[in-house]
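Okay, structure first, notes after.
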Amino acid sequence: MRSGTSLLDRALGVLLVGPLLAVFAMPVRGAAEPPDGWITFAGNPQHTGVSSAAAQPFEVIRWSTPVDLAPPSGDILIHYGSPLVTPANTVIIPVKTGASGGYEVQARSGKDGSLIWSETSHYILPPHNWTPSYSPTLALNTRLYFPGAGGTVYFRDTVDASGPAPSGQLAFFGESNYAANPASFDSTVFINTPLTADTAGNIYFGFRTATW
């Protein structure tokens with residue numbers, strides 16, 4: 343990262359409009375370097391949506407990419423997930439892949455939008471009217487967590503580089519319990535909030551069961 347230039351100065355203004363993510367080039371004006379990127383839904387665990395770096399005027403669309411590969415016609419009753427930005431200027435984007443569900447997470451260069459890697463999630467939506475937000479989070483700026491099926495959470499390390507990376511699937515009720523009967527958990531336990539990480543790397547999220 344360049345000294346004296348904030349992450350938001352250097353890379354982007356991120357605008358989510360319908361099923362498209364647009365990234366705007368903005369003029370560089372010296373500002374204090376924030377310690378983190380935009381690492382979670384609405385920027386921080388409190389979900390304030392406020393950046394430590396002042397926004398600059400939007401001038402040029404540098405690149406864009408779809409966040410929904412099968413958008414519905416008519417009214418779009420979907421809360422699209424929040425893109426993340428790492429301190430190394432990698433933009434991590436949750437992408438809806440199917441008409442009624444299906445998600446993947448893409449990592450793209452903040453400079454030009456080129457794809458660095460993508461990971462498929464087996465996340466299953468809870469019963470809903472509006473489609474809820476599918477939002478991953480970065481913990482300690484080094485590990486990405488994103489929702490999976492049955493109340494599980496996937497993780498990936500080395501988020502700024504392509505190629506194989508340490509990854510896995512976790513369950514707050516025990517991985518062995520999930521492995522013993524995944525179909526039962528997949529049909530009854532649903533993560534229904536964005537994931538949030540604290541400064542110690544702990545992960546928080548809401549979930550519901552099919553029986554309440």
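Using our numbering, the letters of the sequence shown map in sequence onto residues 343 to 554. For every residue, glycine included, the Cβ atom is placed at its ideal position computed from N, Cα and C.
Straight through space, the alpha carbons of L426 and F527 are spaced by roughly 28 Å.
In the structure shown, Y520 falls within a helical segment according to DSSP collapsed to helix, strand and coil.
Going by DSSP, Y487 is part of the beta strand (DSSP E) stretching over 485-489. Around the CB of S477, 16 or more other CB atoms lie within 10 Å, so the residue is classed as buried. Here the alpha carbon of P506 sits roughly 36 Å from the alpha carbon of F400. Inclusion of P468 and N523 in the CB contact set at 7 Å is not warranted, their separation being larger than that value. For the pair of segments examined, the segment 407-425 was found not to touch the segment 497-514: the number of CB pairs separated by less than 8 Å stays below three. With respect to the 7 Å criterion, L512 and V531 are not classified as neighbours on the basis of their beta carbons.
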